[in-house]
Amino acid sequence: MGGFELLEHTADVGIRARGATLEEAFEQASLGLAEVLGALRPGSGERVAVEVSAGDPGALLVDWLNEVLWLHEVRGHAAVAAVRVERVSGGRAAGSVTFSSTDPPADGTLVKAVTYHRLRVGRDTDGWLAEVYLDV
Amino acid sequence: MPPKTAAPGWEGRCAIATEPRRVEPFVWEVPVGYVDGMRVPGVVFASDELFARALEDRAVEQVANVATLPGIVGASYAMPDIHWGYGFPIGGVAATDVAGGGVVSPGGVGFDIGCGVRLLRSDLDWERDARDRIGALVHALARRIPRGTGGAGLLPLDRAGVERVLVEGVRYPLGRGVGVEGDAAACEDGGTLADADPGQVSDRAYQRGAPQLGSLGGGNHFLEVQVVDEVRDRRAADAMGLRLGQVCVMLHSGSRGVGHQTCTDHLKVIDRLAPTLGIRVPDRQLACLPVERPEALAYLGAMRAAANFALANRHVLADGVRRVFAEVLGRPAADLGMDLVYDVSHNLARLEEHEVDGRRRTLCVHRKGATRALGPGHPELPDRYRDVGQPVINPGSMGTFSYVLAGDERAETRAFASTCHGAGRAMSRTRARKLMSGPDLRRKLEREGVVLAAANWKLLSEEAPYAYKDATAVVETCERVGLSRVVARLRPAGVLKG
Numbered sequence: 758m759g760g761f762e763l764l765e766h767t768a769d770v771g772i773r774a775r776g777a778t779l780e781e782a783f784e785q786a787s788l789g790l791a792e793v794l795g796a797l798r799p800g801s802g803e804r805v806a807v808e809v810s811a812g813d814p815g816a817l818l819v820d821w822l823n824e825v826l827w828l829h830e831v832r833g834h835a836a837v838a839a840v841r842v843e844r845v846s847g848g849r850a851a852g853s854v855t856f857s858s859t860d861p862p863a864d865g866t867l868v869k870a871v872t873y874h875r876l877r878v879g880r881d882t883d884g885w886l887a888e889v890y891l892d893v
Numbered sequence: 133m134p135p136k137t138a139a140p141g142w143e144g145r146c147a148i149a150t151e152p153r154r155v156e157p158f159v160w161e162v163p164v165g166y167v168d169g170m171r172v173p174g175v176v177f178a179s180d181e182l183f184a185r186a187l188e189d190r191a192v193e194q195v196a197n198v199a200t201l202p203g204i205v206g207a208s209y210a211m212p213d214i215h216w217g218y219g220f221p222i223g224g225v226a227a228t229d230v231a232g233g234g235v236v237s238p239g240g241v242g243f244d245i246g247c248g249v250r251l252l253r254s255d256l257d258w259e260r261d262a263r264d265r266i267g268a269l270v271h272a273l274a275r276r277i278p279r280g281t282g283g284a285g286l287l288p289l290d291r292a293g294v295e296r297v298l299v300e301g302v303r304y305p306l307g308r309g310v311g312v313e314g315d316a317a318a319c320e321d322g323g324t325l326a327d328a329d330p331g332q333v334s335d336r337a338y339q340r341g342a343p344q345l346g347s348l349g350g351g352n353h354f355l356e357v358q359v360v361d362e363v364r365d366r367r368a369a370d371a372m373g374l375r376l377g378q379v380c381v382m383l384h385s386g387s388r389g390v391g392h393q394t395c396t397d398h399l400k401v402i403d404r405l406a407p408t409l410g411i412r413v414p415d416r417q418l419a420c421l422p423v424e425r426p427e428a429l430a431y432l433g434a435m436r437a438a439a440n441f442a443l444a445n446r447h448v449l450a451d452g453v454r455r456v457f458a459e460v461l462g463r464p465a466a467d468l469g470m471d472l473v474y475d476v477s478h479n480l481a482r483l484e485e486h487e488v489d490g491r492r493r494t495l496c497v498h499r500k501g502a503t504r505a506l507g508p509g510h511p512e513l514p515d516r517y518r519d520v521g522q523p524v525i526n527p528g529s530m531g532t533f534s535y536v537l538a539g540d541e542r543a544e545t546r547a548f549a550s551t552c553h554g555a556g557r558a559m560s561r562t563r564a565r566k567l568m569s570g571p572d573l574r575r576k577l578e579r580e581g582v583v584l585a586a587a588n589w590k591l592l593s594e595e596a597p598y599a600y601k602d603a604t605a606v607v608e609t610c611e612r613v614g615l616s617r618v619v620a621r622l623r624p625a626g627v628l629k630g
């Protein structure tokens with residue numbers, strides 16, 4: 758069963774995401790980012806295709822989350838209604854983010870960027886695990 | 133953190149020799165061997181209490197990680213406001229020898245490229261001119277100064293405008309009649325970093341920056357109306373135009389989306405390329421390349437461009453502050469004496485000349501949450517500060533004292549002319565928020581006589597004073613070890629949070 762939790766950091770914030778598949782771990786990490794942004798509003802809205810490429814799963818996760826962050830910001834800090842990661846393989850991650858048509862959140866944290874600090878993407882006995890820190 | 137490794141046959145001895153130790157009062161050494169691959173020791177300037185916090189916080193481990201960077205010289209330094217960052221510790225200073233294969237690491241600058249602080253003085257006396265108007269001032273500032281997620285900046289730009297800001301820094305808004313000529317001279321580098329390369333700034337960064345010039349941002353960015361509460365160095369205070377009881381305005385902001393995107397873009401390239409050149413770092417956020425590589429030069433050109441955006445951003449914000457004061461007080465802005473004391477950046481990498489092992493060398497000096505601090509007589513100082521040293525603006529936490537410092541010439545040999553940048557966080561945001569709600573914190577500060585306006589009440593207590601170290605302990609440690617001198621203390625009267 759997938760999910761995410763936020764990790765404490767003195768100045769910033771981390772996300773630990775789990776999934777039965779790597780794709781699900783990416784989805785959960787994206788929802789974690791939306792939670793930090795105060796922009797998680799499950800529901801329907803406008804679906805935007807996302808595809809990134811990078812050299813390894815860790816860098817793919819950073820790029821994927823940076824893409825979500827970028828789309829959120831240029832859409833006027835739009836709320837995230839859903840995230841679907843179709844496929845993470847061969848140096849590419851592809852899927853979509855659905856942005857809600859509701860008003861942008863009034864009390865979100867401004868996230869500057871997704872960092873490579875203590876970046877972890879891998880498998881353990883419970884499935885896939887992804888850990889990533891955000892600069893806020 | 134325990135030492136990670138010991139050389140074969142030396143286990144017992146290394147286990148002792150790799151523990152950090154105090155080598156003189158307020159100076160701690162983190163020996164080579166504390167983590168694998170250190171090329172130089174770490175040096176942390178801190179009291180016992182500040183050092184103990186840095187150890188708990190993993191920040192000392194980060195000082196040691198930085199010491200593994202190729203070409204690093206001297207030591208991996210950390211200022212007393214050190215805390216856990218991402219890759220570099222916040223408060224970290226690292227210099228690499230360019231001709232000796234020294235690297236630049238975008239993580240040693242961070243995502244908020246050129247983030248910094250500026251201080252405006254005034255001819256206003258707190259008791260006579262401002263005490264009765266502080267509520268009106270703060271609320272007018274809250275209406276007029278864009279912050280948080282809301283609203284466009286004070287000077288929205290088209291693409292050509294962004295490009296000019298990236299090259300010209302404060303000169304571009306000055307040319308459009310925003311601010312006064314004296315503002316440029318009171319900035320590091322005269323308000324414009326040379327050798328900026330807007331061609332290395334991506335379309336996305338242009339797009340993010342266009343609406344944001346003249347906006348505060350969020351997180352720990354703020355604007356404060358302050359009162360000079362104590363003058364400790366009269367001569368330096370005179371040179372800076374500071375006197376007891378005077379109203380000042382301090383603001384903290386950076387390069388907004390331009391810097392965030394620029395760091396993200398170049399980090400991706402460098403993270404991918406570095407391992408192919410055999411460069412290994414203990415934390416991927418330390419990814420780096422030799423300064424002389426074209427990709428490193430591209431980053432430095434883009435970084436300077438983003439830093440110019442940060443300088444122009446604070447310049448435009450300061451002009452907005454002057455206008456608000458003029459309106460609320462019903463006097464022309466030119467009559468208020470709201471001159472810029474100085475503008476300092478605390479997230480930057482610069483190519484500087486320093487003496488290492490008896491030889492002048494060009495170093496790439498990274499300051500991540502640390503401020504350059506030039507001592508008296510330094511040729512790069514404006515004439516008015518030549519005799520007293522560079523002003524260093526050091527914000528405290530919300531509702532506590534801030535400080536104006538002056539560079540000390542001893543900092544040149546101590547830490548490549550660097551000092552602290554503020555109080556430094558001591559507690560996670562989540563924990564800080566659990567201790568007190570935003571509205572409760574507001575009531576507490578208002579009982580202490582501080583008028584507050586926040587863009588985001590829910591997150592306000594993340595920035596509570598108790599989440600930060602004691603700024604007084606930080607600046608006094610810097611003074612004891614000869615990094616900077618305390619010139620004046622400022623107390624907050626009105627706070628505008630991002």
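Residue numbers (my numbering), protein chains in the order written: chain D, 758 to 893; chain W, 133 to 630. All C-beta atoms in this analysis are idealised placements derived from N, C-alpha and C, irrespective of residue type, glycine included. Just so we're clear, the structure is a prediction, and the values are computed from it rather than from any experiment.
Three-way DSSP call (helix, strand, coil) for residue 221 of chain W in this model: Indexing the second sequence from 1 puts residue 221 of chain W at position 89. If DSSP states are grouped into helix, strand and coil, residue 221 of chain W belongs with coil.
Any C-beta of chain D under 8 Å from that of residue 431 of chain W: One-based indexing of the second sequence puts residue 431 of chain W at position 299. For residue 431 of chain W, no CB of chain D lies under 8 Å from its own CB, so it is not counted at the interface with that chain.
Distance between beta carbons of residue 526 of chain W and residue 554 of chain W, contact taken as under 8 Å: Here residue 554 of chain W refers to the residue found at position 422 of the second sequence. Here residue 526 of chain W refers to the residue found at position 394 of the second sequence. Sure, about 6 Å apart at Cβ, within 8 Å.
Cutoff 8 Å: residue 445 of chain W Cβ touching any chain D Cβ: In the second sequence, residue 445 of chain W corresponds to position 313, counting from 1. Chain D, which has no Cβ nearer than 8 Å to the Cβ of residue 445 of chain W, makes this no.
Contact check, residue 480 of chain W vs residue 499 of chain W, beta carbons under 8 Å: Mapped onto the second sequence, residue 480 of chain W falls at position 348. Mapped onto the second sequence, residue 499 of chain W falls at position 367. One thing to note: residue 480 of chain W has its Cβ within 8 Å of the Cβ of residue 499 of chain W.
Interface flag, residue 183 of chain W vs chain D, CB-CB below 8 Å: Along the second sequence, one-based indexing puts residue 183 of chain W at 51. Not closer than 8 Å to any Cβ of chain D, the Cβ of residue 183 of chain W fails to qualify, so no.
Coil, strand or helix - residue 552 of chain W by DSSP: In the second sequence, the residue the question calls residue 552 of chain W occupies position 420. Correct three-state label for residue 552 of chain W: coil.
Ranges of the beta strand (DSSP E) found wholly within the stretch 345 to 386 of chain W, counting only runs of at least 3: With a minimum length of 3 residues, the unbroken runs of beta strand (DSSP E) contained wholly in the stretch 345 to 386 of chain W fall at 354 to 363 and 379 to 385.
Contact under 8 Å by Cβ, residue 438 of chain W with residue 245 of chain W: Here residue 438 of chain W refers to the residue found at position 306 when the second sequence is read from its first residue. Here residue 245 of chain W refers to the residue found at position 113 when the second sequence is read from its first residue. Their beta carbons are under 8 Å apart, which means residue 438 of chain W touches residue 245 of chain W by this criterion.
8 Å contact criterion, which residue 198 of chain W and residue 152 of chain W should meet: CB distance rounded: The residue labelled residue 198 of chain W in the question sits at position 66 within the second sequence. The residue labelled residue 152 of chain W in the question sits at position 20 within the second sequence. Contact flag wrong, Cβ pair sits at about 14 Å.
Chain-order list of residues whose beta-carbon lies under 8 Å from that of residue 459 of chain W (same chain, five-residue window excluded): Taking the second sequence and counting its residues from 1, the one referred to as residue 459 of chain W is at position 327. Here the set comprises 272.
Terminal residues of the alpha helix (DSSP H) in which residue 183 of chain W lies: Counting from one through the second sequence, the residue named residue 183 of chain W turns up at place 51. 180 to 188 is the span of the alpha helix (DSSP H), which, as asked, contains residue 183 of chain W.
Collapsed DSSP secondary structure at residue 872 of chain D in the structure displayed: In the first sequence, residue 872 of chain D corresponds to position 115, counting from 1. Under the three-state reduction of DSSP output, residue 872 of chain D falls in the coil class, being neither helix nor strand.
DSSP three-state assignment for residue 209 of chain W, whether helix, strand or coil: As a first step, residue 209 of chain W must be located in the second sequence, where it is residue number 77. The answer is strand: DSSP assigns residue 209 of chain W an E or B state.
CA-to-CA distance, residue 865 of chain D to residue 802 of chain D, given in whole angstroms: On the first sequence, residue 802 of chain D is found 45 positions in, with the first residue counted as 1. On the first sequence, residue 865 of chain D is found 108 positions in, with the first residue counted as 1. Taking the straight line from one Cα to the other gives about 19 Å.
Buried versus exposed, by CB contacts within 10 Å (16 or more), residue 566 of chain W: Against the second sequence, residue 566 of chain W aligns to sequence position 434. Residue environment: residue 566 of chain W is assigned as exposed (fewer than 16 neighbouring CB atoms within 10 Å of its CB, all protein chains considered).
Within 7 Å of chain W by C-beta, residues of the stretch 791 to 814 of chain D in sequence order: Using a CB distance below 7 Å, the part of the stretch 791 to 814 of chain D facing chain W consists of 812, ordered along the chain.
Cutoff 8 Å: residue 854 of chain D Cβ touching any chain W Cβ: One-based indexing of the first sequence puts residue 854 of chain D at position 97. It does not: the Cβ of residue 854 of chain D has no partner Cβ on chain W nearer than 8 Å.
Residue span of the beta strand (DSSP E) that contains residue 834 of chain D, given as start and end: Position 77 of the first sequence, counted from the start, is the residue given in the question as residue 834 of chain D. Where residue 834 of chain D is concerned, there is no enclosing beta strand (DSSP E), given that its DSSP letter is neither H nor E.
Meets three-Cβ-pair contact criterion under 8 Å: the stretch 320 to 336 of chain W and the stretch 347 to 363 of chain W: Result no; under three Cβ-Cβ pairs closer than 8 Å.
Residues bridged to residue 600 of chain W (per DSSP): The count along the second sequence starts at 1 and reaches residue 600 of chain W at position 468. Residue pairing of residue 600 of chain W in beta bridges, as defined by DSSP: W:557.
Straight-line gap, residue 277 of chain W to residue 305 of chain W (C-alpha atoms, nearest Å): As a working mapping, residue 277 of chain W is identified with position 145 in the second sequence. As a working mapping, residue 305 of chain W is identified with position 173 in the second sequence. Separation of residue 277 of chain W and residue 305 of chain W (C-alpha to C-alpha, rounded to the nearest whole angstrom) is 16 Å.
Any chain D beta carbon closer than 8 Å to residue 419 of chain W: Indexing the second sequence from 1 puts residue 419 of chain W at position 287. Contact of residue 419 of chain W with chain D is assigned, a C-beta pair being separated by under 8 Å.
Cβ contact check for the stretch 505 to 524 of chain W and the stretch 532 to 548 of chain W: 3 or more pairs under 8 Å: These segments touch.
Which of helix, strand or coil DSSP assigns to residue 269 of chain W: Residue numbering aside, residue 269 of chain W sits at position 137 when the second sequence is read from its first letter. Here residue 269 of chain W sits in helix by DSSP.
Coil, strand or helix - residue 938 of chain D by DSSP: Examination of residue 938 of chain D is not possible in this model, given that chain D is present from 758 through 893 alone.
Residues, ordered as in the chain, of the stretch 556 to 588 of chain W that lie near chain D by beta-carbon distance below 8 Å: The stretch 556 to 588 of chain W vs chain D, Cβ under 8 Å: 557, 558, 559, 560, 561, 562, 563 and 588.
Counted within 10 angstroms of its Cβ, other Cβ atoms place residue 299 of chain W as buried (16 or more) or exposed: Here residue 299 of chain W corresponds to residue number 167 of the second sequence, with the count starting at 1. Buried.
Unbroken alpha helix (DSSP H) run spanning residue 521 of chain W, endpoints: Translated into the one-based positions of the second sequence, residue 521 of chain W becomes position 389. Per DSSP, residue 521 of chain W is not a residue of any alpha helix (DSSP H), being assigned neither H nor E.
Three-way DSSP call (helix, strand, coil) for residue 487 of chain W in this model: What you label residue 487 of chain W is simply residue 355 of the second sequence in a count that begins at 1. In the structure shown, residue 487 of chain W sits in a strand (DSSP, three-state: E or B).
Three-state secondary structure (DSSP) of residue 621 of chain W: Against the second sequence, residue 621 of chain W aligns to sequence position 489. Strand, per DSSP.
Length-filtered (4 minimum) alpha helix (DSSP H) runs lying within the stretch 398 to 465 of chain W: If we require 4 residues or more, the alpha helix (DSSP H) runs fully inside the stretch 398 to 465 of chain W come out as 426 to 461.
DSSP state of residue 504 of chain W mapped onto helix, strand, coil: Taking the first residue of the second sequence as position 1, residue 504 of chain W is located at position 372. Strand, per DSSP.
The stretch 776 to 795 of chain D / the stretch 832 to 847 of chain D touching (three or more Cβ pairs under 8 Å): Output reads yes: the stretch 832 to 847 of chain D touches the stretch 776 to 795 of chain D.
Contacting residues, own chain, Cβ-Cβ under 8 Å from residue 456 of chain W (five flanking each side not counted): Here residue 456 of chain W refers to the residue found at position 324 of the second sequence. Closer than 8 Å at Cβ, skipping near neighbours: 269, 272, 273, 276 and 277.
Buried versus exposed call for residue 436 of chain W [16 or more other C-beta atoms within 10 Å across all chains shown]: Locating residue 436 of chain W in the second sequence gives position 304, counting from the first residue. So residue 436 of chain W counts as buried.
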